[in-house]
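What follows is one structure encoded as structure tokens, with my remarks underneath.
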Amino acid sequence: MDTSNDFQQKDLLSSKLTLSIIYEKYKEMIEKISDFFDVIEDFDTNVRVLEPEKPTRAHTMRRIVIGNHCSMQIVIDPFKPREKPKDIKLLGSDSIISPLKFNLNNNRNKWNMNKLLRENLETLMDIEFPKPSTDPTTEQDEFSENCGVCYSYRLNMKIPDKVCDNVKCGMPFHSECLIEWLRSIPGTHQSFDTVFGSCPYCSSTLSVSTSK
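Just so we're aligned: the sequence shown equals residues -17 to 194 in this note's numbering.
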């Protein structure tokens, strides 16, 4: 009795069943995160995304322009994309981001699960995110200034994340560059994970965190 053919048919059937199960699981997963795709595509279409440099659906983080050298970094939960992100960081001058932080907290009851994440953030902070520019040159000049220490925009794939609090200065820096510069000059002091010193350009007091 030739059983080799029976084994081959069983193996083939088993493979088909396995592929079918994998395919159904894949479809189920895609359906679960389809709303996440809508949310991030809305961001990538309607706001100026600083990071990732070339955002895709695989990236859950977005750093977006607010204006006046300030930005917001958020991490979106793929399974709960319309909920308020637990990880929200406002980067820039304290005089500008402090009122935004206050609005985010004070207006949290205005969060609407039927709205897109971008719409809710704009409502809570009472702002409108700048639209992507059709002129790449203007976009670079307005929002992508080089670090005031290393004179580069990207450092180890990172863009400037610290801005002088003096609104008349507003010089952007990479935190790593600023910390290294401050530690090289007299008058700088550190308390716990924060370094205090003066802006290299306007001499205004500033501070930068050493924690990542």
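Note that CB positions come from ideal geometry on N, CA and C, so glycine has one too.
Beta bridge pairing from DSSP links residue 45 with 33 and 55. By the neighbour-count criterion, in which 16 or more other beta carbons inside 10 Å mark a residue as buried, residue 44 falls on the buried side. For residue 187, the enclosing beta strand (DSSP E) starts and ends at 187 to 191. If you look at residue 73, you'll find it in the beta strand (DSSP E) that goes 69 to 73. Judged by beta-carbon spacing, residue 179 lies within the 7 Å limit of residue 164, meaning their Cβ atoms are closer than that value.
Short of 7 Å from the beta carbon of residue 46, and not among the five residues preceding or following it, lie these beta carbons of its own chain, in chain order: 25, 29, 30, 31, 32, 53, 54 and 111. A Cβ-Cβ separation of about 7 Å places residue 159 in contact with residue 137 under the 8 Å criterion. With fewer than 16 other Cβ atoms inside 10 Å of its own Cβ, residue 174 counts as exposed.
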